[in-house]
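This report concerns only the one structure given below.
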Amino acid sequence: MRTRDHGIQARRATPALAVTTAVLAAVLLAACGGGSGAKASQTAAKVNKEEITVHQINFVLQRQPNVKPEQVDAASRQILERLIDQELAVQKAQDLKLDRDPRVVQQIETAKREIIARAYADHLGDTASKPTDEEIRKYYNDKPALFAERRIYNLQEINIEAKPDQFEAIRTKLQAAKTLPEFLEALKTDNFKFVGSQMVRSAEQIPLNNLDAISRLKDGQFIMNGNPNGLSVLFLAGSQRQPATEAQARPSIEMFLLNQRRAELVAKDIKSMRDNAKIEYVGKFAEAASAPASSPASTPTAVSNTASDPAAGVIAPADSSSTSKGQGIQ
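For the sequence shown, this note's numbering begins at 264 and goes up steadily by one.
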């Protein structure tokens, strides 16, 4: 069972590129800070001949989550110190003419385009209407496994290396076993390679396309899924009911439905613009463009759905075409 990572994978940077990051960040912050005409009262610090303004500090501060009012002064001082270090890095990078490096210029231009495209998506997304009480209630009632019948699941997964013609034999062993250790011993006896894992997941940590099947399981039952390397057997070792009321679920449902509408508005508008734009593919891309698209192009979205999806989770989707439900393992 694979965990879903919503973050951005870190890449190992060379020293030059590390400085590049500072240059890029400073250029972007400069757009929000005061220029040479900024009032002296708005200057927070001077680094050699360059000023760091209160506007720059506030811009960073506004992007910090969960800063309490009594923490603002301390947080502002910490931000100022980081901006000073950043400004020193920028000045050194400029002395080394790193800001003229083609890679740096390209990164700045790419960041600029992304920011502008994001501004368009945010602007359009702001026109989305909020879901009504009836829509929120309907979503709540339509997803009992997420809310009214919510459970905490103790799951055990066994990934077995096997060929398709061995699946039925493994299924027979599984159904005949009275306990999980007994099943695993049977796999060892027949020299099957497997890897096991155990996890505890709440309903909202499981994607909707898995949750429906898992929520129908009783303690001790299992689901068998085909995968590229063989079979995956998911056991429900135990579960605990922890329902969520409509009042408790309302904020997350409202945000999820609103984000859906924002994404749909942006996707619809992008499609309309593509339909009306003159787009000409050149060179090798012209031939590729004439072939059927394997997947739709991505569009800039104002808000990531996964961040507020009540069903966002960590269990990878199962292959429903080869799923079977079983009983009897304790």
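Just so it is clear, CB atoms sit at the ideal spot from N, CA and C, and this is done for glycine as well. Fair warning: this is a prediction, and the values are worked out from it, not measured in the lab.
- Residue pairing for Gly493: DSSP places it in a beta bridge opposite Glu424 and Asn490.
- With respect to the C-alpha of Arg340, the residue from Val545, Leu471 and Ile315 having the closest C-alpha is Ile315.
- If you compare the alpha carbons of Ala507, Lys481 and Arg525 with that of Tyr383, the shortest gap goes to Arg525.
- Annotation: Val368 to His318 spans about 25 Å, alpha carbon to alpha carbon.
- Straight-line measurement puts the Cα of Glu445 at about 22 Å from the Cα of Pro427.
- Only residues of its own chain outside the window of five on either side were considered, and among them none has a CB closer than 6 Å to the CB of Gln354.
- Shown here for Asn329: not one same chain residue has a beta carbon closer than 7 Å to its own, the five before and five after excluded.
- Between Asp538 and Leu387 a beta carbon distance of about 17 Å is seen, past the 8 Å cut, so the two are scored as non-contacting.
- Residues of the same chain with a CB within less than 6 Å of the CB of Gly459, apart from the 5 flanking positions on each side, are Ile421 in chain order.
- Straight across, the Cα-Cα distance linking Pro514 with Ala411 is about 15 Å.
- Ser535 carries a helical assignment under DSSP once its states are collapsed to helix, strand and coil.
- Between Ile486 and Phe455, the CB-CB gap reaches or exceeds 8 Å.
- Pairing Ser465 with Ile415 gives a Cβ-Cβ distance under 8 Å.
- Secondary structure note for Gln370: its alpha helix (DSSP H) is the uninterrupted segment Pro365 to Gly388.
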